[in-house]
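Trainee: Here it is, the structure, as structure tokens.
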Amino acid sequence: MNANCTVTVNGKAYQCQKELLISAFLENNSLGLQLPCGGGGKCGKCRIIARGQISPPTAQEIKRLKAAEL
């Protein structure tokens, strides 16, 4: 796998492809993220902290998150 993204869960780092959804990566690796709305981005319960080069926040993210969380 040509990894270009690092996902850290409980202090352990995993490498994944940038194009893969974080929720899919966690599920594929049995890392246990709970997705109450099925990963549809409707409930805001499955939050992550993203660092580095990331895309601008979506309208949904701006609506759900406080300014300090963006």
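The opening position of the sequence shown corresponds to residue 9 in this note's numbering, with each subsequent residue numbered one higher.
Beta carbons are placed, not taken as given, at the ideal position from N, Cα and C, and that holds for glycine.
Would you call the CB atoms of Leu43 and Val17 closer than 8 Å?
Mentor: Not in contact: Leu43 and Val17 (Cβ atoms no closer than 8 Å).
Trainee: With Cys54 and Leu41 assumed to form a contact (beta carbons below 8 Å), what rounded beta-carbon distance in angstroms separates them?
Mentor: Yes, they are in contact, since the Cβ atoms of Cys54 and Leu41 sit about 6 Å apart, within 8 Å.
Trainee: Out of Leu28, Lys26, Ala21 and Ile57, state which residue places its alpha-carbon closest to the alpha-carbon of Ala76.
Mentor: Here the closest residue by C-alpha is Ile57.
Trainee: Locate the beta strand (DSSP E) running through Lys20, then write down its first and last residues.
Mentor: Residues Lys20 to Cys24.
Trainee: Keeping to the same chain, check which residues put their C-beta closer than 6 Å to that of Pro65; ignore five residues upstream and five downstream.
Mentor: Excluding positions up to five away in sequence, the list reads Leu78.
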